[in-house]
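**Student:** Just so we're aligned, residue 123 is where the sequence shown starts under the working numbering, counting upward by one.
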Amino acid sequence: MIRQVSAKTPKAETIELIVSTSFLRPKPSNMAVMEINLPSGYVVDADELPGLRKIEKVMRYELEDGGTKLQVYFDNLSTAPSTIKLTANRLFKVKNPAKAYIMVYDYYDTTLTATEFYELPLVTSADTSDCKSENEVC
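1) At which residues does the beta strand (DSSP E) containing Ser-204 begin and terminate?
2) Roughly how many whole angstroms lie between the Cα atoms of Ala-220 and Glu-184?
3) Is the beta carbon of Phe-239 closer than 8 Å to that of Gly-163?
4) Look at the alpha carbon of Asn-159 and the alpha carbon of Ser-200, and state the distance between them as a whole number of angstroms.
5) Give the DSSP-derived three-state secondary structure of Lys-133 in the structure shown.
6) How long is the line joining the alpha carbons of Val-127 and Lys-176, rounded to whole angstroms?
7) Just to check my reading of the structure: Thr-209 and Glu-170 have Cβ atoms closer than 8 Å, yes? What is that Cβ distance to the nearest angstrom?
8) Relative to the C-alpha of Pro-150, which residue among Tyr-230, Leu-242, Pro-243 and Glu-241 is closest?
9) In its own chain, which residues sit with a C-beta less than 8 Å from the C-beta of Thr-235, not counting the 5 before and 5 after it?
Structure, rendered in structure tokens:
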């Protein structure tokens, strides 16, 4: 289960993302994966990634798709929440970006899956004034 997804944009150039998850069953899960997909135009701030290893139960992480997707591997998940905090930086502007999603699943039993979609607050029209059409990279 994904307990919380919070995406803040303190500046148009960055996202502060907080994702909290837990396992609904009384016994802990097997190894679990949290897959964080970022909105178009953003990439994970790689300088923050080594700090993920300090989070209890995090075994490893993988950055994929040019930094737009982060997979965090947990030894297991229990009813106690596990929370990931990260920052992403904007590489380019996208007018009206599609929703992004976060998926958490049991590595050995993928029928145990939760997905949560999220979107950023709309950027101002001045911020995308050089975009000519919907969903355009500018």
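Positions of the beta carbon are idealized from the N, C-alpha and C atoms, including for glycine.
**Tutor:** In this structure, then:
1) Start at 1 with the first residue of the sequence shown, and residue 204 comes out as number 82. Per DSSP, Ser-204 belongs to the beta strand (DSSP E) from 204 to 212.
2) As a working note, residue 220 is residue 98 in the sequence shown. As a working note, residue 184 is residue 62 in the sequence shown. C-alpha separation (whole angstroms): 23 Å.
3) Taking the first residue of the sequence shown as position 1, residue 163 is located at position 41. Taking the first residue of the sequence shown as position 1, residue 239 is located at position 117. It is not a contact, given that the beta carbons lie outside the stated cut-off.
4) What you label residue 159 is simply residue 37 of the sequence shown in a count that begins at 1. What you label residue 200 is simply residue 78 of the sequence shown in a count that begins at 1. Looking at the two C-alpha atoms, the distance is approximately 23 Å.
5) Mapped onto the sequence shown, residue 133 falls at position 11. Three-state result, Lys-133: coil.
6) Here residue 127 is taken as the residue at index 5 of the sequence shown, counted from 1. Here residue 176 is taken as the residue at index 54 of the sequence shown, counted from 1. If you take the alpha carbons of Val-127 and Lys-176, they lie about 20 Å apart.
7) Within the sequence shown, residue 209 is the residue found at index 87, counting from 1. Within the sequence shown, residue 170 is the residue found at index 48, counting from 1. So it is a contact: roughly 6 Å between Cβ atoms.
8) Along the sequence shown, one-based indexing puts residue 150 at 28. Closest option to Pro-150, Cα to Cα, is Tyr-230.
9) Position 113 of the sequence shown, counting from 1, holds the residue named residue 235. So the list reads Met-225, Val-226, Tyr-227 and Asp-228, once near-sequence residues are dropped.
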